[in-house]
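Okay, so here's the structure we're looking at.
4 protein chains.
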Amino acid sequence: MKLSERLKKDSEKIWEKIYVHPFVKRLFEGSLPERKFRFYILQDYNYLVSSIRNFSILAARAKSEKVMKELIDIAYIEARGEFEGYKNFLEKMNLTIEDAENQKQIQTGISYTGFLLSTSSLKSFEEGITAALPCYWSYAEIANFHRKKIPGNKNELYKKWAYYYLENDYLDLVNKIKKIVDEIESDFPYDKLKHVFITSSKYEYMFWDSVYNEKV
Amino acid sequence: MKLSERLKKDSEKIWEKIYVHPFVKRLFEGSLPERKFRFYILQDYNYLVSSIRNFSILAARAKSEKVMKELIDIAYIEARGEFEGYKNFLEKMNLTIEDAENQKQIQTGISYTGFLLSTSSLKSFEEGITAALPCYWSYAEIANFHRKKIPGNKNELYKKWAYYYLENDYLDLVNKIKKIVDEIESDFPYDKLKHVFITSSKYEYMFWDSVYNEKV
Amino acid sequence: MKLSERLKKDSEKIWEKIYVHPFVKRLFEGSLPERKFRFYILQDYNYLVSSIRNFSILAARAKSEKVMKELIDIAYIEARGEFEGYKNFLEKMNLTIEDAENQKQIQTGISYTGFLLSTSSLKSFEEGITAALPCYWSYAEIANFHRKKIPGNKNELYKKWAYYYLENDYLDLVNKIKKIVDEIESDFPYDKLKHVFITSSKYEYMFWDSVYNEKV
Amino acid sequence: MKLSERLKKDSEKIWEKIYVHPFVKRLFEGSLPERKFRFYILQDYNYLVSSIRNFSILAARAKSEKVMKELIDIAYIEARGEFEGYKNFLEKMNLTIEDAENQKQIQTGISYTGFLLSTSSLKSFEEGITAALPCYWSYAEIANFHRKKIPGNKNELYKKWAYYYLENDYLDLVNKIKKIVDEIESDFPYDKLKHVFITSSKYEYMFWDSVYNEKV
Numbered sequence: 112m113k114l115s116e117r118l119k120k121d122s123e124k125i126w127e128k129i130y131v132h133p134f135v136k137r138l139f140e141g142s143l144p145e146r147k148f149r150f151y152i153l154q155d156y157n158y159l160v161s162s163i164r165n166f167s168i169l170a171a172r173a174k175s176e177k178v179m180k181e182l183i184d185i186a187y188i189e190a191r192g193e194f195e196g197y198k199n200f201l202e203k204m205n206l207t208i209e210d211a212e213n214q215k216q217i218q219t220g221i222s223y224t225g226f227l228l229s230t231s232s233l234k235s236f237e238e239g240i241t242a243a244l245p246c247y248w249s250y251a252e253i254a255n256f257h258r259k260k261i262p263g264n265k266n267e268l269y270k271k272w273a274y275y276y277l278e279n280d281y282l283d284l285v286n287k288i289k290k291i292v293d294e295i296e297s298d299f300p301y302d303k304l305k306h307v308f309i310t311s312s313k314y315e316y317m318f319w320d321s322v323y324n325e326k327v
Numbered sequence: 112m113k114l115s116e117r118l119k120k121d122s123e124k125i126w127e128k129i130y131v132h133p134f135v136k137r138l139f140e141g142s143l144p145e146r147k148f149r150f151y152i153l154q155d156y157n158y159l160v161s162s163i164r165n166f167s168i169l170a171a172r173a174k175s176e177k178v179m180k181e182l183i184d185i186a187y188i189e190a191r192g193e194f195e196g197y198k199n200f201l202e203k204m205n206l207t208i209e210d211a212e213n214q215k216q217i218q219t220g221i222s223y224t225g226f227l228l229s230t231s232s233l234k235s236f237e238e239g240i241t242a243a244l245p246c247y248w249s250y251a252e253i254a255n256f257h258r259k260k261i262p263g264n265k266n267e268l269y270k271k272w273a274y275y276y277l278e279n280d281y282l283d284l285v286n287k288i289k290k291i292v293d294e295i296e297s298d299f300p301y302d303k304l305k306h307v308f309i310t311s312s313k314y315e316y317m318f319w320d321s322v323y324n325e326k327v
Numbered sequence: 112m113k114l115s116e117r118l119k120k121d122s123e124k125i126w127e128k129i130y131v132h133p134f135v136k137r138l139f140e141g142s143l144p145e146r147k148f149r150f151y152i153l154q155d156y157n158y159l160v161s162s163i164r165n166f167s168i169l170a171a172r173a174k175s176e177k178v179m180k181e182l183i184d185i186a187y188i189e190a191r192g193e194f195e196g197y198k199n200f201l202e203k204m205n206l207t208i209e210d211a212e213n214q215k216q217i218q219t220g221i222s223y224t225g226f227l228l229s230t231s232s233l234k235s236f237e238e239g240i241t242a243a244l245p246c247y248w249s250y251a252e253i254a255n256f257h258r259k260k261i262p263g264n265k266n267e268l269y270k271k272w273a274y275y276y277l278e279n280d281y282l283d284l285v286n287k288i289k290k291i292v293d294e295i296e297s298d299f300p301y302d303k304l305k306h307v308f309i310t311s312s313k314y315e316y317m318f319w320d321s322v323y324n325e326k327v
Numbered sequence: 112m113k114l115s116e117r118l119k120k121d122s123e124k125i126w127e128k129i130y131v132h133p134f135v136k137r138l139f140e141g142s143l144p145e146r147k148f149r150f151y152i153l154q155d156y157n158y159l160v161s162s163i164r165n166f167s168i169l170a171a172r173a174k175s176e177k178v179m180k181e182l183i184d185i186a187y188i189e190a191r192g193e194f195e196g197y198k199n200f201l202e203k204m205n206l207t208i209e210d211a212e213n214q215k216q217i218q219t220g221i222s223y224t225g226f227l228l229s230t231s232s233l234k235s236f237e238e239g240i241t242a243a244l245p246c247y248w249s250y251a252e253i254a255n256f257h258r259k260k261i262p263g264n265k266n267e268l269y270k271k272w273a274y275y276y277l278e279n280d281y282l283d284l285v286n287k288i289k290k291i292v293d294e295i296e297s298d299f300p301y302d303k304l305k306h307v308f309i310t311s312s313k314y315e316y317m318f319w320d321s322v323y324n325e326k327v
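Residue numbers (the numbering used here), protein chains in the order written: chain A, 112 to 327; chain B, 112 to 327; chain C, 112 to 327; chain D, 112 to 327.
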C-alpha cells in the first residue's frame, strides 16, 4: 500500500465524519444557507493564503531540485489558479478580494495554519508535506463522495464550487502533493507522519464545524 | 501607559473570564478533582517544552545582543527552573517525566504552540515576543486574583502550585518578558501586537477549558 | 531618489569593479576560455537553485498577499524560465542537469547563498529582499555596460548568454524585485538595508573572481 | 569509531593546516602582534553572538526534550560564561563590549555564520549540529597541539587566552556538543554530515587567515 493510502486508512474515522458534516452535506444538496457559505469562502481565502506560504517554505526546504520545482509549481498553481477562481466566487457574492483580505481569521483557522507553518518551519520536510496533504486530498474525496448530488443542486454557486474539485486540474494538483508524500523514504518513522496527518484531518473537521457554526 | 499595560487592558474581557474559569477557581479553592489536575499537569509540561523552543527562536532572532542574552536567560530559567519544579509535582502525583513526554498533546495545545512557534519563526520578532507574554503574565495575575484563597486550600499540592506563581522568582521572569515587550519601538503597528496578544489570551482560556473538560 | 537607486549609488565602487572584472570583460569580448565559462555555468546553476529557495522563504514571510504572490511569480519564472535556459546552455556544452546537480558548490557560493538564506530566514523581510537584489540587477547593468561588444562577440554561446540579460523578460524580472525593494517603508533603518545590499554586491564580485580563478 | 572521530579524520588535512597557521602559531609562541590579536578578539566576539543564535535555533529544532535542554545549556554557558571571559579580555585591551558590538563583521565572518545559521534553519537538525562542532572542537585541539609552548609565552594575555581552551569547563562544553553529534542515528547519510563538517573546518581556516591579514 502506498504511504498516502496507509495514512488515509489510519484516519478514516475522521474522514468519514467530514464527508457527512452538515456543512458539507447541505452544500452538496443545495440547502446550505448562503450566509454560511459566504462566511466559509472568506475564511477559506485566508486559509489559502497561508497554505501558499506553507508550500513556499516546503519548496525552500525540499531536499532535491526536482521536488523544490514541483513545490514551486504547486504554490504557483494555487496563487494564480485557485486564487483566480476565488475572485470569481467573491464577485458572484458581491464580495471583493479586499473583503477577504480584511476578514479576521477565525481561531480554528489560526490554529490550523499555525500548525502547518510551524511544522514546515521547524520539523522535518517529510512531516511538513504530509501535514499539507489532508486538506487538498479530502476536498477531492468529499466531491467524489457527494458526486451524484451535484447535478440536482439548485444553487448554481454551490454547483460550480463542487465541480471544481472533480476537475482534472484539481485532481492533478492533489496527485502532485500525494506523489511527494509517497516518495518519502520508507525508513522515516511512520508514527510521526501519522501524527501530523491525523492532526490536519482533525483540523479539517474543526474548520467545517467552525464555519457552519460561524464561530469566531 | 506602558505597551504591555495597554495590551492587557485591550484584552481584559478575556482575562476576566480566565480568572473565574471553573478549573482555575476550583484549583485555588481546593475543590478541583485531582484527575483533572493530573491531566492539566501532563499537558502543561508539553506546553512548557514548546514554550522553551519558542523563546529559543526569539533569542536567535533578537535584534540586539542584550535582548538575545535576556531570552537565553529566560529559556534557561524555564528549562532548568520550572522543569525541575514539574519533576517534583509529577513525583508527588506518582508520575514521571517519561509519562509527561509520552503524553499526547491535546488539539488545543497543538493549536496554541503552533500559533506561537509559527509567529516567532515567520513574523516579526516584536509579534513573536508579544504572543509569548499572556501565558506567563496571566498566571501571575490569576494567582494574585485568588491570593486570599490559597492559605485555606486543603489540597497541599494545589497550594504549592499556587504559591509558585506569587514568588519573586516567577514574577522576575514575567517582568523580564514584559520588559522586552515594553521596549518595542513606538512606531511598530499596534494592531499587529494587539492581534497576537488577544489571540494568545484566547488560547489561554481555551487551554483551561480543554483540560477542565479533559478534551483530547 | 528611489531606495533602490540610493542603494546602488552607495555601492557604486564595488559595482564598477564588477563591470570590468576580467571574467566579465572577456566573456563579453569573446576571449574567455570556455573551460572557465563551463565552470561558471555549473556553479551558477547551483546559485540559482538556492536563489529560488530564497525567494520562496521571502514569499512565505511577505507581509501582504500581493507581495506574496509577486514573489511566488518570481520563484516560478526562475524555476521554469531561467532553468530551461540553463538546460539549453548545458546541452550546448555537452553537459546535463545531472552534471550541474552533482557539481560541488565552491566555498564562495556556499558563503553567498548562506548569507542570503540566513538573512531571509531570520532577519526582517525587508533585509531579505534587499539582499536578493544585487545579483539580478547587476547582471542587467553588466549587460548594458558591455552592450556594444555583443554583436562582435565571436563565441555564439557567450553572445546568446549576454543577450538574455538585455531581453525584456529579464528586465521585467529585475523590475519586479526592484519594485518590492522600493516599496519598503521609508522609516525602515536605511543602514541595515545598505549593509545587506553592499554585502551581496561584494559576494557578486567574489563570485566572478572565484569562478575566473576556478577556486574551489 | 565514533561519528565525531570519523568526521575529524576525514578533515584532518584542513585541521593540520589550522594548527600551524601563522596566527595560531605566533599566538601560542607569543610573537603575534597585539594589533592582530585585537582585531581577532573583536571579530570573534561577533562570531560568538551568531554562534549562540545558532545553538538557539538548534534547541528549537531538537527532536527530544533531553537534547533541547542540552542545547539550551550550551547556549547559556556561551552567553554567560564565554561572554564574561570576553569582557575581561576586552577590558585588558582597553576595549569595551560596545566596541565589539559596533565592530563591522568581516566578510569571512558573515560567510561562516551565514552558513551555520542557514544550515540550522533550513536543513536537518543533524546537519546543523554537525556544522557547529568544528569551531569548538578545533580550539581544544589547537590548544592541545601547542600545549608545551604556553608556559614560556611572554604575553600574559595570550597565555590566559590559551589556557582557557585547556580547562575542564571548556572541554566539557566541547564534549556536550560532540555527544549530540555522536548520537545521530547511524542511518543518517554520512556524506551530508561530512560535507558540513568539512565546510565549517574550511571556514575555521579562512577565519584565522582573514584576521591574520586583517582582511575586511
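From the three backbone atoms N, C-alpha and C, an ideal C-beta is built for every residue, glycine too.
Residue i at chain B interface by Cβ criterion, 8 angstroms
i      : result
A:K313 : yes
D:Y269 : no
C:A171 : yes
D:I168 : yes
D:K180 : yes
D:I291 : no
D:A273 : no
D:A190 : yes
Chain D within 8 angstroms of residue i, Cβ atoms only
i      : result
B:E176 : yes
A:R146 : no
B:I261 : no
B:V160 : yes
Other residues of its chain near residue i: CB distance less than 6 angstroms, five sequence neighbours each side excluded
i      : result
B:Q216 : N157
C:F299 : E237
D:K265 : G141
A:L277 : A254
C:F256 : Y130
Reduced DSSP secondary structure (H/G/I, E/B, other) of residue i
i      : result
D:N286 : helix
C:E209 : helix
D:K326 : coil
C:V307 : helix
B:Y276 : coil
C:I261 : coil
D:V131 : coil
D:Q218 : helix
B:K296 : The identity of residue 296 of chain B in the sequence shown is Glu, whereas the question assumes Lys. Correct three-state label for B:E296: coil.
B:M317 : helix
C:L122 : Strictly speaking, residue 122 of chain C in this sequence is Ser, with Leu absent from that position. Residue state, collapsed to three classes: coil.
Below-8 angstroms beta-carbon distance, residue i vs any chain C residue
i      : result
A:Y187 : yes
A:R164 : yes
Own chain residues within Cβ distance below 8 angstroms of residue i, not counting five before or after
i      : result
B:I291 : V178, E181, L182 and I240
B:L169 : L182, S231, F236, G239, I240 and A243
C:W248 : S115, K119, V285, I288 and K289
C:I152 : Y197, F200, L201, M204, L206 and A211
Own chain residues within Cβ distance below 7 angstroms of residue i, not counting five before or after
i      : result
B:I185 : F166, L284, K287 and I288
B:S321 : I217 and T219
D:K303 : E238
A:Y275 : G196 and Y281
CB contact below 8 angstroms: residue i versus chain A
i      : result
C:V327 : no
Members of the segment 211-243 of chain C near chain D, C-beta cut-off 7 angstroms: Q218, I221, S222, G225, F226, L228, S229, S232 and L233
Sequence ranges, alpha helix (DSSP H) only - wholly within the segment 143-177 of chain D, length at least 4: 145-172
Proximal residues, the segment 296-311 of chain D versus chain A, C-beta separation under 9 angstroms: D298
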